[in-house]
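Participant: Using this note's numbering, the first residue of the sequence shown is number 3, and each one after it goes up by one. For glycine and all other residues, C-beta sits at the position ideal for the given N, C-alpha and C. All values derive from a computational prediction rather than experimental measurement. My questions all concern the structure below.
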Amino acid sequence: MLPIWMVFSWHCLKKEMSELIDLKSLTLDELKNMLADWGEKPFRAGQIYDWIHKKLARSFDEMTNLSVALREKLAENCELTTLTAERLQESKLDGTKKALFALPDHNMVESVWMKYEHGNSVCISSQVGCAMGCRFCASTIGGKVRDLTPAEMLDQIYALTRMNGERVSNVVVMGTGEPLDNYDNVLRFIHMLTDEKGLNISQRNITVSTCGIVPNIRRLAEEKLQITLALSLHAATDEKRREIMPIANKYTIAQLMDACRYYHDETGRRITFEYSLIAGVNDRPEDAKNLAALAGPLNSHINLIPVNPVRERTFVQPDHRAVLAFKNKLEKYHINVTIRRELGRDIDGACGQLRRSYKLENET
Ligand code: SAH
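Shown next, in the form of structure tokens:
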């Protein structure tokens with residue numbers, strides 16, 4: 003049986019408003035069907051796919067091995083989503099670059115380019131805004147505006163690749179938005195990003211981070227992908243988690259742990275738990291002990307993130323010594339733990355802050 007994302011016909015991706023076909027969101031098979039309907043030869047689909055997803059063309063005019071007539075027909079019937087960087091910030095500390103991209107409907111999303119020893123990593127957004135309401139997060143302050151299309155997620159990576167002239171080896175879906183609240187588009191995005199006829203990024207080099215939408219963690223497990231699932235846990239008891247993450251009112255930690263175990267069993271992949279350390283909220287020795295009790299049996303990895311200060315929020319980071327003490331405590335319980343390297347602290351590091359500051363400037 004074909005996976006559901008392949009059954010999806012290209013007709014479904016016609017834009018409701020403009021009736022233009024969202025060409026960059028089409029798989030190669032869908033592109034072949036479209037061109038067959040147009041009476042074009044099948045190999046044209048391969049050429050167009052190659053221009054879009056390998057050569058990262060920004061316009062139909064660049065597709066010089068197509069006839070002028072076909073290029074004109076494409077331009078009349080299709081749109082080629084290309085994002086433009088409205089603002090670009092570069093860290094003087096570590097070369098991290100943060101881009102604020104304008105979408106075709108003038109909404110804004112942000113993406114981050116990070117340089118590591120093992121290669122370049124890009125952090126992308128999956129929605130405009132976010133509906134999840136985590137109390138420490140800037141992305142959710144104005145709520146969710148809309149989901150991003152597969153093309154809009156892909157082009158964050160394509161645009162940064164073009165800008166930097168270097169290959170991307172890792173992609174993390176950890177920017178603005180809740181990827182499992184935009185499930186079908188994120189799944190299609192992953193399949194296209196890992197397509198050998200596109201950028202051919204290994205599934206193992208993709209991380210999807212979720213606040214914990216249990217039914218969709220289970221659904222994702224059944225796709226049997228080799229991507230890493232990161233779970234934003236941030237608290238080790240339901241009571242505490244409900245104080246900082248509204249999603250905790252919907253799913254208990256016990257349900258979350260069951261879903262994580264299921265993901266691990268189905269895919270063989272180890273889960274990462276993200277834990278934003280907030281002074282006086284979740285950084286006591288007792289919190290470390292409860293966290294270890296959850297993480298230990300799952301053989302998971304914990305990523306500690308000292309909370310990034312957000313203008314509209316009052317949460318503060320524990321000092322460095324307290325962060326180290328929390329890490330040591332977890333290690334005493336034989337938990338695999340790292341402190342997230344803080345990149346781009348000098349350029350609105352926290353999730354959603356660049357878009358937020360742009361909005362505020364343009365509203366006043
Ligand atoms: N919605 C997804 C992905 C987006 S946020 C999720 O919840 O996982 C990516 C990660 O950054 C999440 O772990 C999120 O909880 C964390 N985060 C958001 N704002 C933060 C802040 N101000 N400081 C530290 N971590 C933050």
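CA-CA distance, residue 339 and residue 270?
Facilitator: So the two alpha carbons sit approximately 19 Å from each other.
Participant: Suppose you measure from the CA of residue 325 to the CA of residue 310; what does that come to, to the nearest Å?
Facilitator: Computed Cα separation, rounded: 13 Å.
Participant: Can you determine whether any heavy atom of the ligand SAH sits closer than 6 Å to the C-beta of residue 165, and answer yes or no?
Facilitator: Residue 165: no, Cβ never under 6 Å from the ligand SAH.
Participant: Using a threshold of 7 Å, state whether the C-beta atoms of residue 151 and residue 187 are closer than that.
Facilitator: The answer is yes: Cβ separation under 7 Å.
Participant: In the structure shown, what three-state DSSP assignment does residue 188 receive?
Facilitator: Three-state DSSP puts residue 188 in a helix.
Participant: Judging by CA-CA distance, which residue of 327, 214 and 146 is the nearest neighbour of residue 274?
Facilitator: Nearest of 327, 214 and 146 to residue 274, Cα basis: 214.
Participant: Could you check whether the region 102 to 115 touches the region 156 to 165, counting it as contact only if at least three pairs of C-beta atoms, one from each stretch, sit closer than 8 Å?
Facilitator: Cβ pair count under 8 Å is three or more, so yes.
Participant: Could you spell out the range, first to last residue, of the beta strand (DSSP E) harbouring residue 122?
Facilitator: Note, residue 122: beta strand (DSSP E), 121 to 125.
Participant: Any heavy atom of the ligand SAH closer than 6 Å to the Cβ of residue 125?
Facilitator: Not so, every heavy atom of the ligand SAH lies at least 6 Å from the Cβ.
Participant: Looking at the secondary structure, which residues open and close the beta strand (DSSP E) in which residue 115 lies?
Facilitator: Its beta strand (DSSP E) spans residues 110 to 118.
Participant: Check whether the Cβ of residue 278 sits closer than 6 Å to any heavy atom of the ligand SAH, and report yes or no.
Facilitator: Result yes, Cβ under 6 Å from the ligand SAH.
Participant: May I ask you to check if the CB of residue 112 is nearer than 6 Å to at least one heavy atom of the ligand SAH?
Facilitator: No, the Cβ of residue 112 stays beyond 6 Å of every heavy atom of the ligand SAH.
Participant: Please go through the same chain and pick out, in chain order, the residues whose beta-carbon is closer than 8 Å to the beta-carbon of residue 298, but skip the five residues on each side of it.
Facilitator: Closer than 8 Å at Cβ, skipping near neighbours: 335, 336 and 337.
Participant: Can you look up residue 29 in the DSSP assignment and give me helix, strand or coil?
Facilitator: Of the three classes helix, strand and coil, the one that applies to residue 29 here is coil, per DSSP.
Participant: At which residue ranges does the region 275 to 319 contain complete alpha helix (DSSP H) runs of 4 or more residues, listed in the order of the chain?
Facilitator: 287 to 300, all fully within the region 275 to 319.
Participant: What whole-angstrom Cβ distance do residue 26 and residue 72 have, given they're in contact under 8 Å?
Facilitator: With 8 Å as the limit, residue 26 and residue 72 do not qualify as a contact, their Cβ atoms being about 17 Å apart.
Participant: Which residues in the same chain have their Cβ closer than 7 Å to the Cβ of residue 235, if we skip the five residues on either side of it in sequence?
Facilitator: Here the set comprises 275, 276 and 277.
Participant: Please classify residue 107 as buried or exposed, where buried requires at least 16 neighbouring CB atoms within 10 angstroms.
Facilitator: Answer is exposed; the Cβ neighbour count stays below 16.
Participant: Going along the chain, which residues of its own chain have a beta-carbon closer than 7 Å to the beta-carbon of residue 121, five neighbours each way excluded?
Facilitator: Closer than 7 Å at the Cβ level, and outside the excluded window around residue 121, lie 171 and 172.
Participant: Please return the same chain residues whose Cβ sits closer than 6 Å to the Cβ of residue 232, not counting the five positions on each side in sequence.
Facilitator: 209, 211, 274 and 276.
Participant: Using DSSP with H/G/I as helix, E/B as strand and the rest coil, what is residue 257?
Facilitator: Correct three-state label for residue 257: helix.
Participant: Taking all protein chains shown into account, decide if residue 149 is buried (16 or more other Cβ within 10 angstroms of its Cβ) or exposed.
Facilitator: Classification for residue 149: buried.
Participant: At a cut-off of 6 Å, is residue 66 close to the ligand SAH when judged by its beta-carbon and the heavy atoms of the ligand?
Facilitator: No, Cβ of residue 66 sits at least 6 Å from all heavy atoms of the ligand SAH.
Participant: Can you have a look at residue 74 and say buried or exposed, based on whether 16 or more other CB atoms are within 10 angstroms of its CB?
Facilitator: Exposed, because fewer than 16 other Cβ atoms sit within 10 Å of the Cβ of residue 74.
Participant: Does the region 21 to 41 come into contact with the region 191 to 210, if we say contact requires no fewer than three beta-carbon pairs (one atom in each stretch) closer than 8 Å?
Facilitator: The answer is yes - the region 191 to 210 touches the region 21 to 41, with three or more Cβ pairs under 8 Å.
Participant: Tell me the rounded alpha-carbon separation between residue 105 and residue 86.
Facilitator: The alpha-carbon atoms of residue 105 and residue 86 are separated by roughly 7 Å.
Participant: Can the beta-carbon of residue 139 be found closer than 7 Å to that of residue 176?
Facilitator: No, these two residues do not count as a Cβ contact at 7 Å.
Participant: Does the beta carbon of residue 168 fall short of 6 Å from some heavy atom of the ligand SAH?
Facilitator: Residue 168: no, Cβ never under 6 Å from the ligand SAH.
Participant: Check residue 97 in the structure and name its three-state DSSP category.
Facilitator: It is coil, neither helix nor strand.
Participant: Using DSSP with H/G/I as helix, E/B as strand and the rest coil, what is residue 343?
Facilitator: Coil, per DSSP.
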